[in-house]
Amino acid sequence: MNGTAANFKGPDFQGRGAISRAGALFTLMVAMLFAAQLHAQNTLQDISYQPLPGGKVQVTLKLAAPAVEPRIFTTETPPRIAIDIADTHSAVPQRHIDVNNGATSAINAVEAAGRTRVVIDLFRPATYETRSEGNNLVVTVGGGVTATAASASVVAMDQTKTVGAATVEISNIDFHRGKNGEGRIIVSFSREGASADLKRNGDHIALDIYNAKLPTQLAQRLDVLDFATPVQFVETRTKGSGAHMDITAKAPFEQLAYQSGNQYVVEIAPAKVKEKKDPNAPPVYSGNRVTFNMQDIPARTVLQLIADMSELNIVVADSVTGNVTLRLVNVPWDQALDLVLQAKGLDKRLNGNVMWVAPQKEISDRELAIADAKQKLSEVVETVTELIPINYGKAKDFADLLTQRAKQSNTAGATGGTNLANTGFLSNRGRATYDERTNTLLIADTPDKVRIIRELVARLDRPVQQVLIESRVVVATDNFAREIGAKFGISGGFQSGSNTVATSGTLGAADQMSNIALNNRLNGRTAGSGLLSSPGGIGGGIGVPGLGNSLNVSLPATNTTAGSIGLSILGADYLLDLELSAGQTEGRSELISSPRVITANQQEADI
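The sequence shown begins at 5 in our numbering and counts up by one.
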């Protein structure tokens, strides 16, 4: 019995032990899997913002764990910045946060399909920068002062940490023509993770790729004129650690850019020309054609037939009565409808795909009643006060603009504020004032008016062109001169039998020398050979005239400070004199002052 019992209990005990160990192992695996899921699921705990100088706004996303490469993209119409954080649950207390500062309007957070998207609504397109600080993701939104048609600037978030292990390369640059004549530039990368920034400046589009290496064979200029698209040239070159692409297109055109996986696509299409409609032009009907031949049929029945033909939802007021006779052949249904309405003094209002038909007076009375109700509501609704900082203009100018009283505002109080008249963009209860010290606009009005005014200020508060006016005051003299002069003369004498002949460069010198020779002859002096001298006679010969009396040419430089060089050659019976002179003077100028002033365009400035 004992042995049998032992044999029976032994296997039973071992089986239960194996089952217990398997259950413990299964429980451990489930716990590890659940812990891994909990670890993989991040949580967005809070969203906060802080205004910065220059109209910037810093948005901070507080997470339970660091975010893994959030995907960020922008849209221009409407202007938004969208941040997708994968595997993240949203636990923020408020889904919508009003900011109303700079270019930032509001912040929205929504969770779907296991990820959380944070959308930053903007008043106008603006640049942004992102960075990670521990578990926080910080997004700094600019003031939105870029040029026209500027797009958001994407700055990679700590790419050295996420991309440093494997470098992203541009693997291919391709160009295609779309079916509607648009040019499509496709930039392919070796893997995901590249960051790009697209900006438009006139007829040029600049694409900066920050963290992707450009191979040498792709650094080239593409001529795509033959594709018959707005795109003419595409030039790609290396810039820093990334690449820069310059796209030349023929205006007018519209550009669209998006990034999908490891590709960045730039699409440039011809701009759609909006046709100007003449308000006095007859209406253009495009409905399906119908034929009616009816005698004295109720108007409500005709409207029902038109509703069946047009597949529109038509609501006819009870006050529509009377009959109508129709004979219309191959007429568009919308034209037939207008004819019936005119014949019976009716009018229509379209809301979506539902049309309301009623007598003209009934419709006008209803619209007037709605306008009166809105007016009365604006008179009783609670007003709000908003402080709008002005970054580039003057708060006083904005207050004057909103009230159309730019030349009649008076400074009051320590802040320089002025309660202005109820005119302009404000409602009858609205007030506009300003703080000159902090350059802040203060608005007190209904919420709808405040929203409109804030959007208006966001569009107008932009930097304007500046003008630099510079002058130079100098003292200058214009006395530059250059001269070259010369003196040249030759004198001599010779014996001709018993006569002595004297010659010189000038007539006066020759007469003087002849007179001296005659005087010597009369006084018993004989002339020697050669030069007019008499070594064996009485006296020392005939004295040679001075230089001034023996010159053939006398044109010296008139400059008193000119330098000169002289040369004399004395021969057996002649004397050669030569003098060269040259002079040059230069005028000098001296700078007295260089005043300059910088002012905004169309703003007066004094020096």
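Glycine included, C-beta positions come from ideal geometry on N, C-alpha and C.
Since this is a predicted model, take the numbers as computed values, not measurements.
Legend entry - Where the beta strand (DSSP E) through F484 begins and ends: Neither: F484 is in no beta strand (DSSP E) and is coded neither H nor E.
Inset, instruction - Tell me whether the beta-carbon of N205 lies closer than 9 angstroms to the beta-carbon of I190. - result: No.
Inset, instruction - Quick one: residues in its chain with C-beta nearer than 6 angstroms to the C-beta of P70, no 5 flanking neighbours on either side, listed in chain order? - result: N139
Inset, instruction - Name the two residues that bound the continuous beta strand (DSSP E) containing E181. - result: Here the sequence assigns Arg to residue 181, which means Glu is not the residue at that position. From DSSP, the beta strand (DSSP E) with R181 extends over 172 to 181.
Inset, instruction - Go ahead and label Y262 buried or exposed: buried means 16 or more other beta carbons lie within 10 angstroms of its beta carbon, across all protein chains shown. - result: exposed
Inset, instruction - Return yes when the Cβ of E258 is within less than 9 angstroms of the Cβ of A247, no when it is not. - result: no
Legend entry - Where the beta strand (DSSP E) through E115 begins and ends: 108 to 116
Legend entry - Buried or exposed by the 16-neighbour rule on C-beta atoms within 10 Å, applied to D449: buried
Inset, instruction - List the residues that DSSP assigns as beta-bridge partners of P451. - result: None; P451 has no bridge partner.
Inset, instruction - Check each candidate in S94, E137, V479 and name the one with the smallest Cα separation from N46. - result: S94
Legend entry - Whether E196 touches G118 by CB criterion (9 angstroms): no
Inset, instruction - Would you list the one or two residues that DSSP bridges to P363? - result: L350, per the DSSP bridge assignment.
Inset, instruction - Starting from S194, follow the beta strand (DSSP E) in both directions and report where the run begins and ends. - result: Counting along the chain, no beta strand (DSSP E) covers S194, and no H or E run does either.
Legend entry - The beta strand (DSSP E) enclosing F237, as first and last residue numbers: 235 to 243 is the span of the beta strand (DSSP E), which, as asked, contains F237.
Legend entry - Proximal residues to G397 (C-beta, below 6 angstroms), its chain only, five neighbours per side dropped: D465
Inset, instruction - Might you give, ordered along the chain, the residues of its own chain that have their beta carbon closer than 6 angstroms to the beta carbon of T166, omitting 5 neighbours on each side? - result: A caution first: T166 carries a pLDDT of 36, below 50, which makes its placement in the model unreliable, though a value can still be read off. Excluding sequence neighbours, T166 sits near E73.
Legend entry - Residues sharing a beta bridge with S568, DSSP: S585
Inset, instruction - Check whether the Cβ atoms of L218 and I174 lie closer than 9 angstroms to each other. - result: yes
Inset, instruction - Determine which residues share a DSSP beta bridge with N297 and list them. - result: R331
Inset, instruction - Could you tell me whether the region 104 to 114 touches the region 435 to 448, using the rule of 3 or more Cβ pairs below 8 angstroms? - result: no
Inset, instruction - Find out if the Cβ-Cβ distance for the pair R353, V270 is shorter than 9 angstroms. - result: no
Inset, instruction - Find out if the Cβ-Cβ distance for the pair P83, R128 is shorter than 9 angstroms. - result: yes
Inset, instruction - Classify P57 as helix, strand or coil using the three-state DSSP reduction. - result: In the structure shown, P57 sits in a helix (DSSP, three-state: H, G or I).
Inset, instruction - Can you say whether E594 is buried or exposed, counting buried as having 16 or more other CB atoms within 10 angstroms of its CB? - result: Residue environment analysis places E594 among the exposed positions, since fewer than 16 neighbouring C-beta atoms fall within 10 angstroms of its C-beta.
Legend entry - Whole-Å CB distance - N605 paired with G587, under 8 angstroms assumed: So it is not a contact: roughly 53 angstroms between Cβ atoms.
Inset, instruction - Can you say whether P234 is buried or exposed, counting buried as having 16 or more other CB atoms within 10 angstroms of its CB? - result: buried
Inset, instruction - Mark F484 as exposed unless 16 or more other C-beta atoms lie within 10 angstroms of its C-beta, in which case mark it buried. - result: exposed
Legend entry - Reference K400, options T437, D376, N432, closest by Cα: Among T437, D376, N432, the Cα nearest to that of K400 is on T437.
Inset, instruction - Please confirm whether L472 and I602 have their CB atoms less than 9 angstroms apart. - result: yes
Legend entry - Limits of the unbroken alpha helix (DSSP H) element including T131: Unbroken run through T131: none, as it is neither H nor E.
Legend entry - Spatial distance of R241 from Q339 (CA atoms): 59 angstroms
Legend entry - Proximal residues to S597 (C-beta, below 8 angstroms), its chain only, five neighbours per side dropped: R476, V477
Inset, instruction - Indicate whether T295 and N327 have their beta-carbon atoms separated by less than 9 angstroms. - result: no
Inset, instruction - Would you kindly work out how many angstroms separate the C-alpha atoms of R486 and S568, rounded to a whole number? - result: Our two residues, R486 and S568, have alpha carbons roughly 14 angstroms apart in a direct line.
Legend entry - Cβ-based neighbour list, I367, same chain, cut-off 7 angstroms, excluding 5 preceding and 5 following: D351, R353
Inset, instruction - Along the alpha helix (DSSP H) that carries D312, what are the first and last residues, could you check? - result: 303 to 314
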